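Per this note's numbering, the very first residue in the sequence shown carries number 1; after that it's consecutive.
Some notes on the structure that comes next.
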Amino acid sequence: MDIAIKGKDIRIQAKAYKKNGVWLDCDPGHDDALAIILAAYHPSLELIGISTVVGNQTLDRTTQNVYKVAYIAGLPSHIPIIRGCGESFCRHVTTCPEIHDQTGLGGADVSEHPAGMCRKEKS
């Protein structure tokens, strides 16, 4: 890559990264929303898929949150989003709307968006 600054040519070598495939299994609240964006755009990672689980909120809500984050962040449509498990294998799941709000993304101004309905899921 060549960049000209004040008439001088400067050569910058782009560092080549070996991409490591990453599948995220998450219950998107703020932390997982950021993890999705970082995994999608970090030069050494290749986000190969996302699955959702119950946790910060219900499975329906966490799945919708992934679609919202994917849409807002402009993730490529070839990345599959899979609705995962809605129950814990070991214990009763208690969502915490008083911490994470009713959406799981409490405090974030993320309006409802039909991205989940428009995107095709791979099975």
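Using N, Cα and C, we set each Cβ at its ideal position, and we do this for glycine too.
Being a predicted model, the structure only gives us computed values, none of them experimental.
Q | In chain order, each alpha helix (DSSP H) run of at least 4 residues that lies wholly inside the segment 22-86 | A | 30-41, 59-73
Q: Please name the residue, chosen from 37, 62, 20, that lies closest to residue 53 on a Cα-to-Cα basis.
A: Taking the first residue of the sequence shown as 1, we reach residue 53 at position 53. Cα-wise, what sits closest to residue 53 is 62.
Q: Check whether the Cβ atoms of residue 79 and residue 47 sit closer than 8 Å, and answer yes or no.
A: Numbered from its first residue, the sequence shown carries residue 79 at position 79. Numbered from its first residue, the sequence shown carries residue 47 at position 47. For residue 79 and residue 47, yes; Cβs fall inside 8 Å.
Q | residue 18 to residue 57 span [Cα, whole Å] | A | Counted from its first residue, the sequence shown places residue 18 at position 18. Counted from its first residue, the sequence shown places residue 57 at position 57. In a straight line, the C-alpha of residue 18 is about 35 Å away from that of residue 57.
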